[in-house]
Amino acid sequence: MNALRAAEAVFRLGGVAAAARALNVSQPAVSQQLRLLEADLGCDLFRRVKGRLAPTPAGDLLLPRLMQAFALMGEAVAQLRAETAAGDLTVAVLPTFAMRWLIPRLGDFQAAWPEADLRLATAVEPVARLREGAADLAIGLGRGAADFPGLAAAEWLAESLYPVVAPALAPRLRATADLAALPRLVVDAPRRAGDWDLWLAAAGVPGLGAAGIRRFESSAQAMAAAAAGLGVALAHGAFVTDDLVAGRLVRPFALGVPAPEGYWLVRRAGRSPRPVEAAFIAWLKAAAAAGIESDEPPLGAG
11 MNALRAAEAV FRLGGVAAAA RALNVSQPAV SQQLRLLEAD LGCDLFRRVK GRLAPTPAGD
71 LLLPRLMQAF ALMGEAVAQL RAETAAGDLT VAVLPTFAMR WLIPRLGDFQ AAWPEADLRL
131 ATAVEPVARL REGAADLAIG LGRGAADFPG LAAAEWLAES LYPVVAPALA PRLRATADLA
191 ALPRLVVDAP RRAGDWDLWL AAAGVPGLGA AGIRRFESSA QAMAAAAAGL GVALAHGAFV
251 TDDLVAGRLV RPFALGVPAP EGYWLVRRAG RSPRPVEAAF IAWLKAAAAA GIESDEPPLG
311 AG
């Protein structure tokens with residue numbers, strides 16, 4: 011079963027590295043499971059084409075059926091849980107999103123739905139938790155519905171990118187070129203790799219240097235460093251609304267650019283949401299419509 015799950019994840023996610031992240035194991039472990047499965051079946055399931063893994067004819071026969079089978083098992087488990095615990099709701103979310111956006115606001119949902127037994131399942135790949143049957147609903151990042159094959163997905167919250175700094179540093183940023191005089195705080199993650207380039211190009215200063223680069227593993231760390239005055243960070247709007255309102259951070263420039271990915275509400279297809287799930291989705295949509303991510307947050311110097 012582990013070998014079949016590894017093969018399905020490689021097929022669905024397009025590579026060993028992505029499968030390893032989704033399964034929370036090492037890349038060598040996924041490769042070993044593939045070798046064991048191919049040895050047991052007596053045929054290759056993948057071939058390498060231009061540096062990427064593609065299914066062989068045998069893979070084309072087996073792998074789509076594996077994806078369907080795991081999806082059916084996940085649906086069966088979810089249905090059983092729904093029938094035995096109607097008030098339970100497990101939501102899979104990214105760790106930073108949970109910490110900086112969702113958890114501070116959950117009191118509003120619990121006040122409106124006190125009988126709900128809500129559980130947050132934080133994961134680097136929250137949609138994978140949904141596919142496994144470990145969650146009822148996922149809030150995932152994506153560019154479109156095609157990023158969530160076989161699932162019901164609706165775009166919920168678009169993201170905007172803009173620089174933020176501690177109030178003490180804001181007076182030093184009178185023009186975008188002044189960013190070169192401050193350390194740049196960078197989130198060292200594949201999804202965030204091009205964020206700064208995107209904003210700088212929109213601001214008309216592509217390739218602008220910086221007084222050093224400081225790298226962090228997560229957006230939460232980068233925002234904490236910015237609030238501590240360690241440099242200028244590029245914020246995803248949903249993560250800093252509270253900091254801007256409280257004055258821990260300021261936005262020195264009005265320019266915001268759309269982020270490549272937005273937040274999507276993702277659930278299993280082919281079934282109606284339970285009352286508690288529908289209530290949570292409605293609350294999330296109302297929160298977004300109420301302007302939780304303000305279009306005109308407080309500005310600093312510029």
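Going letter by letter, the sequence shown gives residues 11 to 312 in our numbering. Just so it is clear, CB atoms sit at the ideal spot from N, CA and C, and this is done for glycine as well. For clarity, every value in this text was computed on a predicted model and none was experimentally measured.
Listed in chain order, the alpha helix (DSSP H) elements of length 4 or more contained wholly in the region 132-161 are 136-141. Contact between Val-174 and Ala-221 does not hold, since the beta-carbon distance rounds to 17 Å and is not under 8 Å. Asp-70 has its alpha-carbon roughly 15 Å from the corresponding atom of Gly-25. Apart from sequence neighbours up to five positions away, the residues of its chain that approach Leu-63 with a beta-carbon distance below 8 Å are Val-20, Gly-24, Gly-25, Val-26, Phe-56 and Arg-57, ordered along the chain.
Inter-segment contact for the region 277-285 and the region 161-175 is present: three or more beta-carbon pairs are separated by less than 8 Å. Counted as a single uninterrupted DSSP element, the beta strand (DSSP E) harbouring Ala-102 occupies residues 98-103.
Shown here, Pro-65 sits in a strand according to DSSP, grouped into three states. For Val-276, DSSP records a beta bridge to Ala-148 and Ala-163.
Inclusion of Pro-193 and Arg-153 in the CB contact set at 9 Å is not warranted, their separation being larger than that value.
Annotated as distal: Phe-80 and Arg-139, with beta-carbon spacing of 9 Å or more. Annotation: the continuous beta strand (DSSP E) that includes Val-196 extends over 194-197. Straight-line measurement puts the Cα of Arg-184 at about 42 Å from the Cα of Ala-131.
With fewer than 16 neighbouring CB atoms inside 10 Å of its own CB, Glu-227 falls in the exposed class. Taking the Cβ atoms as the reference, Ala-238 lies roughly 7 Å from Ala-176, within the contact range of under 8 Å. In the DSSP annotation of this structure, Pro-173 is not part of any alpha helix (DSSP H); the continuous beta strand (DSSP E) holding it starts and ends at 170-174. Within its own chain, no residue has a Cβ closer than 8 Å to the Cβ of Ala-49 once the five positions on either side in sequence are excluded. Of the residues Glu-169, Gly-97 and Ser-36, the one whose Cα lies closest to the Cα of Asp-127 is Gly-97. A straight line joining the alpha-carbon of Ala-191 with that of Leu-44 spans about 50 Å. Judged by DSSP in its simplified three-state form, Ala-213 adopts coil rather than helix or strand. A residue is called buried once 16 or more other Cβ atoms fall within 10 Å of its Cβ, and Ser-229 is buried on that count. Annotation: the continuous beta strand (DSSP E) that includes Phe-56 extends over 56-59.
In this structure Ile-113 is exposed. Its beta-carbon is surrounded by fewer than 16 other beta-carbon atoms within 10 angstroms. For Arg-45, the uninterrupted alpha helix (DSSP H) segment begins and ends at 37-51. Remark: C-beta atoms of Phe-249 and Phe-107 approach each other more closely than 9 Å. By the CB criterion at 9 Å, Pro-268 and Ala-168 fall inside the cutoff. In this structure, DSSP gives Arg-22 a helical state, which the three-state scheme calls helix.
By a beta-carbon distance limit of 8 Å, Val-196 does not contact Ile-149. Their separation comes to about 24 Å.
Secondary structure of Phe-263 (DSSP, three-state): coil.
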